[in-house]
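> Sharing a structure, written as structure tokens. Questions coming.
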Amino acid sequence: MPDLDQLTPEQYRTRYLALQEAARARAAATPALPAGMDALPPERIHKTASIPAGWYLALRLKRFDTIRIGNPAGTPGAALFLWNADDTSERYNAGDTVKLQWTTRLTTGRVLFSDMGRVLASITADSGAGHDSIIGPNSPAQTAGRNGRDNLRLAAAKFGLTRQDLGPALSLFSKIATDDAGRFHYLGGPPAGAVVTLRAEQNLLVALSNTPHALSPIQEATGPIDIAIAHTPPGPDDLCRHFTEEAVRGFVNTDEVFSA
Amino acid sequence: MSILSDVTVAARAPYSATLKAGQSMRIIDLDGQQAVDALFYNPHDPSERYSAQDTLAAQAMAGGKFYLETGAVLRSNEGRKMLTLVADSCGFHDTNAGACSCESNTVRFGHETRFMHACRENFLVELAKYGMGKRDLVSNVNFFMNVPIRPNGELTVDDGVSKPGGYVELRAEMDVLVLISNCPQVNNPCNGFNPTPIRIIIADK
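Chains as they are written, first to last, in the numbering used here: chain A, 1 to 260; chain B, 1001 to 1205.
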């Protein structure tokens, strides 16, 4: 192995372009979700709950618990933030999540990274309503009503955490795109029945808020967010653990913590 | 206008300074194509700090773009104005891709890059001087860093477009603690694969 601090600019560029090419091939191979993949095995579901419009839950997930998050009425967004329950200084990192996977399109097969190069959760199934971690949840700048920023802080507070412990969050059920000129577009609210399932890859503290995306023209939640949780360890052919080279390396870092 | 401070920050090195409201900071990319990672805090209560999402949400609602250019207002996690980008020779500054770390480098570039210097190493050393730590490491601005988000959602770090002598100037709208990492990354094009020094000038109005 050559000394990586001593390569020439051309050598560094060659390494980077090879990684970029692999990432583009993976993005083109994003799988379509087979029907029914979002269902949890009913006999394994140990918790269900419904979050009323405008409210939030502070939840704990064990490693390999899967949470199915359903949006039966198509409310325009649900704010999410995650911490490692065993060390809350490790938490969801939006920048790393999009940079390490070379994409802002977070859907089936992708993972949510912490600031420590480890995976917090995998997106094991997604109906494709879109999830945004660039602009994110709404705040008092958009509404005088209940909002994502304050709800995430409230959920954090239930774990003894403060605004210091929150960074950029994820807004589920929020379809955003940029155009060629670099401007943002909100591509309409999610369909009724949208669903996403996340598998915890570490023990997690979860803040989940039933509040809209910051760019939604509708700034009050219009229906419930339903959750169900089941313990479902990944099988040997698990999609998320093998979908990208970056995820494989992220899981090496993650599993190391639990292998002692 | 009077110059309060004029320093050269070595390649790969950290830097920090506190601006009083109304003071300005000019960051000069001496040799071109050098990413400059920056964090901002309210020095009187650092739990109020720069928020990329508050900044971009306000910018998007006004029809703005996914990057920062002249006129951009950098906002805190309370939605307050911290700084305004008042002058800029580059036209493109990122706030989505975060700062590099040893840990994220292992994922992005392979485990063989684990022991290479990274921006978050600079930030943690500099944060410690103010009694802060990893919980205070939040979203940042990457001045002079070219990170397109394409219509298909792809996000890449592309070649920098900043020329030698390129600059950006920020006016503090409140008292602001500024932390900078002169980015040491060589595994992507953000520094032209060759980290170089920058110059930072602080001036009174």
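Think of the CB as a built atom: it goes at the ideal place given N, C-alpha and C, for glycine as much as any other residue.
#1: Just curious, the alpha helix (DSSP H) that ASP1094 (chain B) is in, first and last residue?
#2: Counting along the chain, where does the alpha helix (DSSP H) carrying LYS158 (chain A) start and finish?
#3: Would you tell me roughly how many angstroms separate the C-alpha atoms of VAL195 (chain A) and ILE227 (chain A), rounded to the nearest one?
#4: Check distances from the C-beta atoms of the segment 1153-1177 of chain B to those of chain A and list, in chain order, the residues that come in under 7 angstroms.
#5: Among B:ASP1159, B:VAL1141, B:VAL1007 and B:GLN1053, whose alpha-carbon lies nearest the alpha-carbon of ASN1077 (chain B)?
#6: Could you tell me the alpha carbon to alpha carbon distance between ALA1011 (chain B) and LEU4 (chain A), rounded to whole angstroms?
#7: Restricting to runs no shorter than 3 residues, where is the beta strand (DSSP E) found entirely within the segment 82-152 of chain A?
#8: What separation, rounded to the nearest whole angstrom, lies between the Cα atoms of LEU204 (chain A) and GLN6 (chain A)?
#9: Name the chain B residues that come within less than 8 angstroms of PRO140 (chain A), Cβ to Cβ?
#10: Does THR1106 (chain B) come out as helix, strand or coil in the three-state DSSP assignment?
#11: Going along the chain, which residues of the segment 1047-1063 of chain B sit with their C-beta nearer than 9 angstroms to a C-beta in chain A?
#12: Give the secondary structure of LYS1081 (chain B) by DSSP, where H, G and I count as helix, E and B as strand, and everything else as coil.
#13: Thinking C-alpha only, which one of A:GLN142, A:PHE159, A:LEU172 and A:ILE229 is nearest ASP87 (chain A)?
#14: For LEU1137 (chain B), which three-state DSSP category applies?
#15: Going by C-alpha to C-alpha distance, which of A:PHE81, A:ASN71, A:TYR56 and A:LYS99 sits closest to GLN20 (chain A)?
#16: Taking C-beta to C-beta, are CYS1090 (chain B) and PHE1040 (chain B) nearer than 9 angstroms?
#17: Cβ of ILE134 (chain A) within 9 angstroms of Cβ of PHE173 (chain A)?
#18: If you measure from the beta carbon of GLU1112 (chain B) to each beta carbon in chain A, is any gap under 9 angstroms?
#19: What does the alpha-carbon distance come out to for the pair PHE1066 (chain B) and HIS1111 (chain B)?
#20: Taking the Cβ atom as the reference point for each residue, do LEU1085 (chain B) and GLU1103 (chain B) lie within a distance shorter than 9 angstroms?
#21: Report the rounded CA-to-CA distance for MET116 (chain A) versus GLU43 (chain A), giving the unit in angstroms.
#22: Tell me which residue opens and which closes the beta strand (DSSP E) that ASN1182 (chain B) is part of.
#23: Taking the continuous alpha helix (DSSP H) assigned at HIS242 (chain A), which residues delimit it?
#24: Please state whether the Cβ-Cβ distance between VAL1168 (chain B) and HIS1117 (chain B) is less than 9 angstroms.
#25: Hey, could you find the ends of the alpha helix (DSSP H) LEU204 (chain A) is sitting in?
#26: Give the secondary structure of GLY250 (chain A) by DSSP, where H, G and I count as helix, E and B as strand, and everything else as coil.
#27: Output yes or no for whether 9 angstroms exceeds the beta carbon distance between ILE218 (chain A) and ARG68 (chain A).
#28: Taking all protein chains shown into account, decide if ASP28 (chain A) is buried (16 or more other Cβ within 10 angstroms of its Cβ) or exposed.
#29: Touch check for the segment 78-95 of chain A and the segment 204-215 of chain A: three-plus C-beta pairs under 8 angstroms?
#30: Do the segment 101-110 of chain A and the segment 236-248 of chain A meet, that is, are 3 or more Cβ pairs less than 8 angstroms apart?
#31: DSSP beta-bridge partners for LYS1065 (chain B)?
#32: Let me make sure I understand the geometry here. Which of A:VAL119, A:GLY74 and A:ALA192 has the alpha-carbon closest to that of GLU90 (chain A)?
#33: What is the DSSP secondary structure of LEU1074 (chain B), reduced to helix, strand or coil?
#34: Please classify PRO190 (chain A): is it buried, with 16 or more other beta-carbons within 10 angstroms of its beta-carbon, or exposed?
#35: Is there a Cβ from chain A that is less than 9 angstroms from the Cβ of CYS1090 (chain B)?
#36: Establish whether the CB of THR178 (chain A) and some CB of chain B are separated by less than 9 angstroms.
Checking against the coordinates, here is how it stands:
#1: Counting along the chain, ASP1094 (chain B) falls outside any alpha helix (DSSP H), and DSSP gives it neither H nor E.
#2: LYS158 (chain A) -> alpha helix (DSSP H) spans 148-158.
#3: 10 angstroms
#4: From the segment 1153-1177 of chain B, only GLY1153, GLU1154, LEU1155 and THR1156 have a Cβ closer than 7 angstroms to chain A.
#5: Minimum Cα distance to ASN1077 (chain B) is reached at B:GLN1053.
#6: 17 angstroms
#7: Counting only runs of 3 or more, we get 111-113 and 119-126.
#8: 40 angstroms
#9: Within 8 angstroms of the CB of PRO140 (chain A), the CB atoms of chain B belong to GLY1079, in sequence order along the chain.
#10: Helix at THR1106 (chain B).
#11: Correct list: SER1047, GLU1048, ARG1049, SER1051, ALA1052, GLN1053, ASP1054, LEU1056, ALA1057, ALA1058, GLN1059, ALA1060, MET1061 and GLY1063.
#12: strand
#13: A:PHE159
#14: coil
#15: Ranking A:PHE81, A:ASN71, A:TYR56 and A:LYS99 by Cα distance to GLN20 (chain A) puts A:LYS99 first.
#16: no
#17: no
#18: Chain A contact via Cβ: present.
#19: Within the model, the alpha-carbon separation for PHE1066 (chain B) versus HIS1111 (chain B) is close to 31 angstroms.
#20: Not a contact, by the Cβ cut-off of 9 angstroms.
#21: 34 angstroms
#22: Per DSSP, ASN1182 (chain B) belongs to the beta strand (DSSP E) from 1176-1182.
#23: 239-242
#24: Against a cut-off of 9 angstroms, the Cβ pair of HIS1117 (chain B) and VAL1168 (chain B) comes out as no contact.
#25: LEU204 (chain A) -> not in any alpha helix (DSSP H); beta strand (DSSP E) instead, spanning 204-209.
#26: Helix, per DSSP.
#27: no
#28: First, the amino acid is wrong: residue 28 (chain A) is Ala here, not Asp. Flag for ALA28 (chain A) reads exposed.
#29: Verdict: yes, contact present.
#30: Yes: the two stretches touch, three or more of their Cβ pairs being nearer than 8 angstroms.
#31: A:ARG183
#32: A:VAL119
#33: LEU1074 (chain B) sits in a strand when the DSSP states are folded into three classes.
#34: buried
#35: No, CYS1090 (chain B) lies away from the interface with chain A (no Cβ there is under 9 angstroms from its Cβ).
#36: By this cut-off, THR178 (chain A) is an interface position.
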